[in-house]
Amino acid sequence: MQRMLRRWAGKRSWESRWQSTKAEGARWAWHVAEVGNEIRRNVEDGWLEPGMRVLSLGCGDGSNEAWVAGQGLTIHGMDFSKSAIARADKQYADVPGLSFSVVDVTKPRAHHAEPYDVVLDRGCLHEIAPELGRMYAANVKRWTKPGGSLILIMRLEGDATGQRRLQQIDDLLGADFKLVDWDNITVGGEHGEHGETIDGGMFRLKKR
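Here it is as structure tokens:
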């Protein structure tokens, strides 16, 4: 029962944010008016290449996903906020290679599809209650093809060394994914509300 109540409260909070967010401006650091620099970097580094199939978790209003689709990739964005997905569908309906759906990534066997080349999580895992992490991990394993990539973009919560996040990632995903690299990043900035920024980490893994 407590798990259900926490999940419901989390959904209600994010639904409220997306209902109140103005379409023309960001209201918090994770919601950017233009593509995040960390997304551009993955294209530059070859982690996102034309022709790849990508699954994006916690896509919000789809602005990052639309940019990725414009680079020649096929990308499906998922979010558990109906308001966010409604906005994404409306704003990017005509973008080739782009689709969206309302999905809770902590539900058993959520989203049925062929495994993807890349699973991209920009700000989703760090919002998930610890007791729901195993279901998230099981879904991510199923969604990623053998040898495929998992890109996690997370808050560091004041730990610049990233050790707490590294331990969390290893505990949840270490049996099925190998960490390739990670780096400190800044999320938000000039495109976030009032220049708000968050100290984050980008963790890039390969499925074993």
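In this note's numbering, the protein residues as written are -4 to 203. We put the CB at the ideal spot given by N, CA and C, even for glycine. Keep in mind it's a predicted model, so treat the numbers as computed, not measured.
* Asked: How about the region 66 to 83 and the region 94 to 101: do they share at least three Cβ pairs that are nearer than 8 angstroms?
  -> yes
* Anticipated Cβ contact below 8 angstroms, residue 171 with residue 203, distance rounded -> Sequence index remark: in the sequence shown, residue 171 carries index 176 (1-based). Sequence index remark: in the sequence shown, residue 203 carries index 208 (1-based). With 8 angstroms as the limit, residue 171 and residue 203 qualify as a contact, their Cβ atoms being about 6 angstroms apart.
* Can you tell me where the beta strand (DSSP E) with residue 140 in it begins and where it stops? -> Mapped onto the sequence shown, residue 140 falls at position 145. First-last of the beta strand (DSSP E) with residue 140: 139 to 150.
* Asked: Leaving out the 5 sequence neighbours to the left and right, which residues in its chain are closer than 7 angstroms to residue 14 when beta-carbon positions are compared?
  -> Against the sequence shown, residue 14 aligns to sequence position 19. Cβ within range, chain order: 78.
* residue 195 by DSSP, collapsed to three states: which one? -> On the sequence shown, residue 195 is found 200 positions in, with the first residue counted as 1. Here residue 195 sits in strand by DSSP.
* Rounded separation between residue 141 and residue 135 - CA only -> On the sequence shown, residue 141 is found 146 positions in, with the first residue counted as 1. On the sequence shown, residue 135 is found 140 positions in, with the first residue counted as 1. Their Cα atoms are separated by approximately 12 angstroms.
* Do you know offhand how far residue 45's Cα is from residue 90's? -> By one-based count along the sequence shown, residue 45 stands at place 50. By one-based count along the sequence shown, residue 90 stands at place 95. Each residue's alpha carbon lies about 15 angstroms from the other.
* **Whole beta strand (DSSP E) elements within the region 48 to 92, 3-residue minimum** => 48 to 52 and 69 to 74
* DSSP-derived helix/strand/coil call for residue 31 -> Stepping through the sequence shown from its first residue, residue 31 is reached at position 36. Three-state result, residue 31: coil.
* Using the beta-carbon count (16 or more within 10 Å), is residue 192 buried or exposed? -> Residue 192 sits at position 197 when you count from the first residue of the sequence shown. Per the 10 Å Cβ criterion, exposed.
* To do: Indicate whether residue 43 and residue 30 have their beta-carbon atoms separated by less than 9 angstroms.
  => The residue labelled residue 43 in the question sits at position 48 within the sequence shown. The residue labelled residue 30 in the question sits at position 35 within the sequence shown. No, Cβ-Cβ distance for residue 43 and residue 30 is not below 9 angstroms.
* DSSP-derived helix/strand/coil call for residue 166 -> As a working mapping, residue 166 is identified with position 171 in the sequence shown. Correct three-state label for residue 166: helix.
* Asked: From residue 105 to residue 138, what does the alpha carbon distance come to, in whole angstroms?
  -> Taking the sequence shown and counting its residues from 1, one reaches residue 105 at position 110. Taking the sequence shown and counting its residues from 1, one reaches residue 138 at position 143. One C-alpha to the other measures close to 10 angstroms.
* Asked: Would you call the CB atoms of residue 35 and residue 112 closer than 9 angstroms?
  -> Against the sequence shown, residue 35 aligns to sequence position 40. Against the sequence shown, residue 112 aligns to sequence position 117. Their beta carbons are not under 9 angstroms apart, which means residue 35 does not touch residue 112 by this criterion.
* **Residues near residue 116 in its chain [Cβ-Cβ closer than 6 angstroms; skip 5 each side]** => For this step, residue 116 is matched to residue 121 along the sequence shown. Closer than 6 angstroms at Cβ, skipping near neighbours: 52 and 147.
* **Limits of the unbroken beta strand (DSSP E) element including residue 99** => Your numbering for residue 99 matches position 104 in the sequence shown. Careful: residue 99 lies outside any beta strand (DSSP E) and carries neither H nor E.
* Over the uninterrupted beta strand (DSSP E) stretch that includes residue 127, give me the two end residues. => Sequence index remark: in the sequence shown, residue 127 carries index 132 (1-based). First-last for residue 127: undefined, no H or E at that position.
* Asked: Exposed or buried, which one is residue 129 when buried takes at least 16 other CB atoms within 10 Å?
  -> On the sequence shown, position 134 is the one that residue 129 refers to. Residue 129 is exposed by the Cβ-count criterion.
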